[in-house]
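For reference, the structure discussed in these notes is given below.
Structure, rendered in structure tokens:
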């Protein structure tokens, strides 16, 4: 659309069609106006471009006039009623395009993506599938939309390129739309907003599905002025004139935002007054910086700028685009095409038509648009997949977790208790009978209360539970360190679920794997020590009996021998007991260490099954999605 002094149908002069002497079509009128009649004296043959065919009257067979109604009548600025629009759509679907393509033609070939793009789309689909249970639907909404739109676009024509003309109020985009079509199609004038609904213009057949995807009704679909040069240069182009993106009408802005997500490329039309508008740059250009390869930026109305002012404004526009992060297609590099023109005077329109024709002829815009959409979706998902540090549980963290659980079940104390039990058994086996008798007597006389502190089992259980909870919190914090928030939360939740009932399981484990039942095993030298200790006792008894016999006069007096026997027994018994105790320290220590090792391994196994394995599963899932994310990003490299 243009400013007030550039309104009117003269903005786009009509070129005659080769082989037809049709008069110039009438300017665009309101949508509910009657279709214009063919000019008097026109000798243009029906069914050829540039001729004006009268719509079928009521009571006639639409099929009989299909060839005259199906995009072949050259009614550039025709406005039809809703009833005629429905009839026209039916004719296009049934008879129009076959009539144009002729016998032997076939439906337009669907769009084909190359191998790398298909691989990225497959990876994005796999990524979304793996993440649905960990990420909310709002986070994955844009990625899902990209997949849906990529699939929908792939089913449609690959020979056509859909390009949208977008601009602000008064930028002259509708006038440029008419200039490219060679005839007034979109209304221009001082009334704002002038373009109330998107209008589509197709330069070749087979684009009905693409226009249907945009939601543009049949009454707003046009064909340009047909000519050998124009038709061949822009063949395959579907140009869409959008409402103003800064329109006061909310529904207009919603239409713009919706269609901009569906088209293959965009021509941004700016004027010397509003080319630096913050709404344009912050709401559209900057977020779409990654779509530079499918973007044209056109500075319109340069005829209003005197002297070198047009070059200065164009340079400033390039500077703003560079600040927006939009790569400029200069020196053969891929990026946005920036041009200056005047839709009113026609200056530079030919350059745009030539660049647009080359762009459409490449037939790569749709795939580049999908690739840019995948890039944008990947950039939006980066905070929930990428991390700047190494993730996972180190061996040190695993060992520390196992050690904390072992302390909670009292593995060290259990090992010490097993060692003491082994020593007590050795003392009972190798100690002197008199000492064992004395210990028995002391044990018999001791009271069960009052002399020893009664252990508070409740306090011990509470302390053990706190140790287990602290161990789980520590290992979950270490495992989730550096992870994106959703995956860190999933790791912590897995650890918490595993910790439920862990304390009870460890208590039961300690009861089963603690002190061994029965007496500790005896080494081979114990029977010898027992015999020696018994011999020492017999010496004491023999010496004492000998002395008693002498005292009673039953035996001849001889103090030396019985005293020597008693001394040997008295000294030898404790000496044998001490030697056995020294010899028993090594086996007792090994026995206690083995009991502690068994309990530690049992506690570590329980903690691994309940906590570490679920945490490792979440970390493995994250590594899988991170690998898929690495395939989604353009470089395909792994994400740190």
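In the working numbering, the protein residues as written are 956 to 1595.
Cβ atoms here follow ideal geometry from the backbone N, Cα and C, with glycine treated the same way.
Contact check, residue i vs residue j, beta carbons under 9 Å
i	j	result
residue 1252	residue 1118	no
residue 1202	residue 1586	no
residue 1465	residue 1562	no
residue 1439	residue 1338	yes
residue 1164	residue 1116	no
residue 1541	residue 1371	no
residue 1135	residue 1153	no
residue 1600	residue 1363	The structure shown does not extend to residue 1600, since the chain is modelled only from 956 to 1595, so the question has no answer here.
residue 1214	residue 1170	yes
residue 1189	residue 1315	yes
residue 1555	residue 1357	yes
residue 1567	residue 1348	yes
residue 1523	residue 1494	yes
Option in the options with minimal Cα separation from residue i
i	options	result
residue 1321	1506, 1109 and 1236	1109
residue 1155	1218, 1107, 1203 and 1212	1218
residue 1072	1213, 1319 and 1164	1319
residue 1498	1449, 1418, 1516 and 1210	1516
residue 1461	1303, 1565 and 1248	1565
residue 1205	1151, 1326 and 1373	1151
residue 1178	1301, 1132, 1488 and 1223	1132
residue 1195	1527, 1279 and 1120	1120
residue 1208	1168, 1248 and 1124	1124
residue 1333	1463, 1070, 1581 and 1433	1581
residue 1549	1500, 1430, 1453 and 1374	1374
residue 1367	1553, 1087, 1502 and 1078	1553
residue 1327	1492, 1437, 1243 and 1268	1243
residue 1250	1270, 1216, 1378 and 1545	1216
Distance, residue j Cα to residue i Cα
i	j	result
residue 1187	residue 1100	34 Å
residue 1496	residue 1521	7 Å
residue 1277	residue 1288	14 Å
residue 1630	residue 1336	Shown here, the chain extends from 956 to 1595; a query on residue 1630 therefore has no answer.
residue 1459	residue 1092	38 Å
residue 1532	residue 1525	12 Å
residue 980	residue 1139	Low per-residue confidence applies at residue 980: pLDDT is 37, beneath 50, and the placement is therefore not dependable, though the value from the model is reported in the following sentence. Their backbone Cα atoms lie some 8 Å apart in a straight line.
residue 1340	residue 1577	8 Å
residue 1519	residue 1490	14 Å
residue 1457	residue 1423	8 Å
residue 1450	residue 1551	26 Å
residue 1324	residue 1105	9 Å
residue 1172	residue 1235	27 Å
residue 1082	residue 1574	15 Å
residue 1604	residue 1256	With the chain running from 956 to 1595 in the structure shown, residue 1604 is simply not present.
residue 1313	residue 1247	16 Å
residue 1282	residue 1299	29 Å
residue 1539	residue 1486	17 Å
residue 1239	residue 1353	50 Å
residue 1588	residue 1302	41 Å
residue 1268	residue 1068	39 Å
Anticipated Cβ contact below 8 Å, residue i with residue j, distance rounded
i	j	result
residue 1441	residue 1089	5 Å
residue 1066	residue 1111	6 Å
residue 1180	residue 1137	4 Å
residue 1291	residue 1284	6 Å
residue 1558	residue 1361	5 Å
residue 1435	residue 1443	4 Å
residue 1114	residue 1064	7 Å
Cβ-based burial, residue i [other Cβ within 10 Å; buried from 16]
i	result
residue 1445	buried
residue 1266	exposed
residue 1583	buried
residue 1130	buried
residue 1212	exposed
residue 1210	buried
residue 1346	buried
residue 1160	buried
residue 1537	exposed
residue 1418	exposed
residue 1028	Per-residue confidence for residue 1028 stands at a pLDDT of 32, beneath the threshold of 50, marking its modelled position as unreliable; the derived number appears in the next sentence. Its Cβ being crowded by 16 or more others within 10 Å, residue 1028 is buried.
residue 1262	exposed
residue 1506	exposed
residue 1230	buried
residue 1317	exposed
residue 1329	buried
residue 1393	exposed
residue 1467	exposed
residue 1145	With a pLDDT of only 46 at residue 1145, under the threshold of 50, the placement of this residue in the model should not be trusted, and no figure is reported.
residue 1483	exposed
The ligand PLP heavy atom lying under 8 Å from the CB of residue i
i	result
residue 1577	Looking at this structure, you won't find the ligand PLP or any other ligand, since it has none at all.
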